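Peer 1:
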Amino acid sequence: MKTEDLIAALAADNETRAAPMSRAFALDLGAGFIVSVAFFFAALGVRDTFFASLGDPRFLFKFVFSLSMAASGFVLAWRLARPAADARRALKAVAIAPALIVAACVAEMAVTPSSLWAERMIGHNAVHCLTLIPLMALAPLIGLFAALRHGAPGDGRHAGAAAALASAGLSATLYAMNCADDSPFFLAVWYVIAAAIVVIAGWLAGGRWLRW
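Put into structure tokens, the structure is as follows:
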């Protein structure tokens with residue numbers, strides 16, 4: 001059988017298993033995220049000013065940014081779970097989070113004195129950010145890898161990277177509830193680096209564990 005025929009056959013078979021794969025994504029990702037939530041509340045918890053900060057646009061933007069990463073990564077991973085999948089539309093969604101953070105940084109520059117830019121970028125919790133976001137992304141990533149194995153990704157590395165982006169976004173959402181640094185400058189550097197660490201790990205692991 002030619003490679004193209006095999007891919008077509010797998011794609012056709014995968015369509016018949018859409019419902020089981022949907023359950024796998026929901027259950028496996030849900031289980032992984034619950035582990036991360038439990039760890040977050042046991043080890044960190046929300047910051048003291050959480051409720052008072054709900055009226056702060058900077059604080060709220062952290063969740064817009066992190067959830068846009070999670071949503072776009074999930075949609076892309078779902079698309080890539082199928083062989084011969086057309087992920088072009090989902091790839092466009094991945095650009096939403098970068099566009100949002102660029103716009104937020106431009107707005108921050110407009111309202112913040114330039115003498116404070118470096119201070120806002122460095123923040124107070126960079127090391128925690130670089131440690132805890134990848135750590136809390138691990139359980140959701142394992143869950144998404146388990147779900148992806150119910151499909152037949154045509155490119156394990158790309159599927160792994162997409163799953164990692166979703167996991168990093170979920171983890172960043174949790175971490176944002178504790179993090180005292182709200183400036184988009186901080187997000188643009190440290191949240192992005194932390195997410196990149198997870199995505200690179202997912203890309204490497206996907207090449208090994210999502211091959212078929």
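Residue numbers (the UniProt record's numbering): 1 to 212. A virtual CB, placed ideally from N, CA and C, is assigned to each residue, including glycine. Everything numeric in this text was worked out from a predicted model, so none of it was measured.
Assuming A195 contacts I133 (C-beta within less than 8 Å), just tell me the rounded distance between them.
Peer 2: Going by Cβ atoms, the distance from A195 to I133 rounds to 7 Å, so yes, they are a contact pair.
Peer 1: Roughly how many whole angstroms lie between the Cα atoms of L100 and A163?
Peer 2: Spanning the two alpha carbons is a distance of roughly 20 Å.
Peer 1: Got a sec? Which residues, its chain only, sit under 8 Å from V37 by beta carbon, not counting five neighbours each side?
Peer 2: Hits under 8 Å: L174.
Peer 1: In terms of alpha-carbon separation, which member of A180, S66, L210 and M121 lies closest to A143?
Peer 2: Reading the sequence as shown, one finds Gly at residue 143 and not Ala. Closest by alpha carbon: L210.
Peer 1: Quick test of the definition: if touching needs 3 or more C-beta pairs under 8 Å, does the stretch 24–41 touch the stretch 135–150?
Peer 2: Flag = yes, the stretch 24–41 and the stretch 135–150 touch.
Peer 1: Quick one: using the 10 Å Cβ neighbour count with 16 as the cut-off for buried, is A90 buried or exposed?
Peer 2: Buried is the call here.
Peer 1: In whole angstroms, give me the CA-to-CA distance for S72 and T131.
Peer 2: Distance between the alpha carbons of S72 and T131: 23 Å.
Peer 1: Taking buried to mean at least 16 other C-beta atoms within 10 Å of its own C-beta, is R79 buried or exposed?
Peer 2: By the 10 Å Cβ count, R79 comes out buried.
Peer 1: Which residues in the same chain as A97 place their Cβ atom closer than 7 Å to its Cβ, once the five residues preceding and following it in sequence are excluded?
Peer 2: Taken in chain order, the residues that qualify are F65, S68, M69 and S72.
Peer 1: For C179 and L148, what's the separation of their Cα atoms in angstroms?
Peer 2: About 31 Å.
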